[in-house]
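Mapping to my numbering: the sequence shown position 30 is 37, numbers consecutive. Virtual Cβ for every residue (Gly too), placed ideally from N, Cα, C. This report refers to the structure that appears directly beneath it.
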Amino acid sequence: DRTPARRQGGSVVINATIALSLLLIVLVGTDLGYLFFMKRQYQKAADLAALAGAPKLNGPAGCQLAKDAARLNANGSGANDPLRNLPPNISLEEADITCGRWDPAFTSNASHFDSTDPNHNAIRVSFSRTPDAILSIFSGNRTIGVQAIAAKASDPVASFSVGSGVARLDDG
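Pasting the structure below:
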């Protein structure tokens, strides 16, 4: 009751094809997951850099102070700084940071940000970088672009406070 060898020859090819297909799916999934992870890392760094720079926008010299604070936040003091928010091989440059005015009334663009207005109240961090490839077998455009805008907290126009106290009545 032995099965002829001729009938068993195709089973190895089918199993090898299935195994290679699964391996390819795992590799593509790993590469895509890595790109989504790097997009999240870049966006986090842009958000934190913008938030670090916005409070420094005080007066005419505030733009440069805001840019310096944003770059320090993203780049840290060097490639090995544990407080660095970007990967060691990527740095935030001066050209990636723009001071301007954010106003919800600006409807000319979706971000409500005007870089030509000299009354700076916001900072925009915007950059595009290509992360290192973990699998060089996949080609294509791997550039990741992110943008973050943070506005300086405005001074209150009016304030109102509520407190608790003890009521006191005077005689007469």
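C-alpha gap between R149 and N65, whole angstroms: Rounded to the nearest angstrom, the two C-alpha atoms are 38 Å apart.
Tell me whether the region 33 to 45 and the region 106 to 114 touch, counting them as touching only if at least three CB pairs, one residue from each stretch, are closer than 8 Å. The answer is no - the region 106 to 114 does not touch the region 33 to 45, with fewer than three Cβ pairs under 8 Å.
Cα-Cα, which of P89, S143, L90, R131 is closest to G60? It is R131 whose Cα lies nearest to the Cα of G60.
Assuming L182 contacts L99 under a Cβ cut-off of 8 Å, what Cβ separation, rounded to an integer in Å, is found between them? The question about residue 182 has no answer, for the chain in this structure spans 8 to 179.
Residues near T37 by beta carbon distance below 8 Å, same chain, minus five either side: Excluding residues up to 5 positions away in sequence, I141, L142 lie with their Cβ nearer than 8 Å to the Cβ of T37 in the same chain.
Using 7 Å as the threshold, is the C-beta distance between M45 and I144 below it? The Cβ-Cβ distance between M45 and I144 does not fall below 7 Å.
Below 8 Å on the Cβ atoms is my guess for I97 versus A129; work out the distance and round it to an integer in Å. In fact, because the Cβ distance is near 24 Å, the residues do not count as touching under 8 Å.
Candidates P138, D124, S161, T114, of which the one nearest V153 by Cα: With respect to the C-alpha of V153, the residue from P138, D124, S161, T114 having the closest C-alpha is P138.
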